[in-house]
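Participant: I have a structure I would like to understand better, so I am pasting it below and will then ask my questions one at a time.
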């Protein structure tokens with residue numbers, strides 16, 4: 028994992044948490060605003076397998092296509108993978124064939140993140156924007172909902188926790204969101220299968236981001252900005 032740090036990237040932050048040494052590396056990129064013309068030029072220049080680029084000539088929604096492609100581009104660069112390694116399990120969770128590395132990708136707005144580690148992980152990023160909070164009450168426990176109240180930033184903190192845990196667990200939407208129990212200090216969450224350590228990450232102003240991982244000691248988190256387009 029240490030070889031990732033030799034890339035000419037911007038190291039935004041290194042956080043030490045406390046006791047074996049496990050490295051979590053969070054790569055992120057901020058997408059530019061594309062027009063049809065600049066998108067055509069940009070995606071063709073990326074060094075990616077043809078099967079990944081085939082459907083990108085006429086995307087229904089350029090920002091979504093750009094985010095998907097950026098995630099795969101970072102995955103290829105930093106996990107040294109080829110396209111045939113990328114598989115999905117029975118729940119649809121992507122993984123790398125014959126690799127000890129776990130990874131997770133998330134995107135929102137113009138931000139795309141890739142989390143890489145040697146143990147089970149999940150990450151979620153959300154752009155903080157006004158929403159009708161009452162529409163989401165059913166996904167939280169009564170205690171969680173009382174804590175959130177009308178606090179938009181706290182809502183997104185809880186929401187990214189739930190999403191990150193679902194992704195780390197691997198069953199995704201097969202886990203009811205309300206069944207993920209978050210402790211009040213927001214450092215741990217529980218599913219019916221495991222306890223998850225929660226790590227909030229501040230990457231870009233106006234976004235919420237949370238990492239969920241199996242409990243470890245002396246975790247080091249490297250946050251690295253990397254250009255894609």
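Numbering (the working numbering), first residue to last: 28 to 256. Note that beta-carbon positions come from the ideal geometry of N, C-alpha and C, so glycine has one too. These numbers were taken from a predicted model, which means no experiment stands behind them.
#1: Nearest by alpha-carbon distance to residue 252: which of 52, 50 and 56 is it?
#2: What beta strand (DSSP E) runs, 3 residues minimum, are completely inside the stretch 80–118?
#3: Contact between the stretch 162–173 and the stretch 75–85: three or more CB pairs below 8 Å?
#4: Where does residue 152 land, buried or exposed, given buried means 16+ other C-beta within 10 angstroms?
#5: Return yes when the Cβ of residue 53 is within less than 7 Å of the Cβ of residue 202, no when it is not.
#6: With a floor of 4 residues, list each alpha helix (DSSP H) that falls wholly inside the stretch 131–171, ordered by position along the chain.
#7: Per the DSSP calculation, residue 234 is bridged to which residue(s)?
#8: Identify whether residue 52 lies in helix, strand or coil by the three-state DSSP scheme.
#9: CA-CA distance, residue 209 and residue 217?
#10: What residue does the alpha helix (DSSP H) around residue 188 start on, and which one ends it?
#11: Would you say residue 195 and residue 149 are within 7 Å of each other, going by their C-beta atoms?
#12: If you draw a straight line from the alpha carbon of residue 73 to that of residue 181, how long is it in whole angstroms?
#13: When DSSP builds the beta bridges, which residues end up paired with residue 128?
#14: How about residue 147 and residue 83: are their beta carbons less than 7 Å apart?
#15: Under the three-state reduction of DSSP, which class applies to residue 205: helix, strand or coil?
#16: Measuring CB to CB, does residue 92 end up less than 7 Å from residue 139?
#17: Does the structure place the stretch 183–200 close enough to the stretch 225–239 that three or more beta carbon pairs sit under 8 Å?
#18: Using CA atoms only, rank isn't needed, just tell me which of 198, 229, 233 and 212 is closest to residue 220.
#19: Tell me whether residue 77 sits in a helix, a strand or coil according to DSSP, three-state version.
#20: Spell out the partners DSSP gives residue 67 in its beta bridges.
#21: Locate the beta strand (DSSP E) running through residue 211, then write down its first and last residues.
#22: In whole angstroms, give me the CA-to-CA distance for residue 115 and residue 58.
Facilitator: Once the coordinates are examined:
#1: The shortest C-alpha separation from residue 252 is found at 56.
#2: Entirely contained in the stretch 80–118, the beta strand (DSSP E) runs reaching 3 residues are, in chain order, 113–115.
#3: Segments in contact, no.
#4: Under this definition residue 152 is a buried residue.
#5: Using a Cβ distance threshold of 7 Å, residue 202 and residue 53 do not count as a contacting pair.
#6: You should have found no qualifying run.
#7: BP columns for residue 234 point to 154.
#8: Reduced to three states, the DSSP call for residue 52 is strand.
#9: Cα-Cα distance, rounded: 7 Å.
#10: From DSSP, the alpha helix (DSSP H) with residue 188 extends over 179–196.
#11: Judged by beta-carbon spacing, residue 149 lies within the 7 Å limit of residue 195, meaning their Cβ atoms are closer than that value.
#12: The straight-line gap separating the alpha-carbon atoms of residue 73 and residue 181 is approximately 38 Å.
#13: DSSP output for residue 128 lists no bridge partner at all.
#14: If you check the CB distance, residue 147 and residue 83 do not come in under 7 Å.
#15: In the displayed model, residue 205 falls within a helix according to three-state DSSP.
#16: In this structure, residue 139 does not lie closer than 7 Å to residue 92 by Cβ.
#17: A contact exists between the stretch 225–239 and the stretch 183–200.
#18: Comparing Cα positions, the closest option is 198.
#19: DSSP places residue 77 in helix when its eight states are reduced to three.
#20: Residue pairing of residue 67 in beta bridges, as defined by DSSP: absent, with no partner found.
#21: For residue 211, there is no enclosing beta strand (DSSP E), as DSSP marks it with neither H nor E.
#22: Rounded to the nearest angstrom, the two C-alpha atoms are 26 Å apart.
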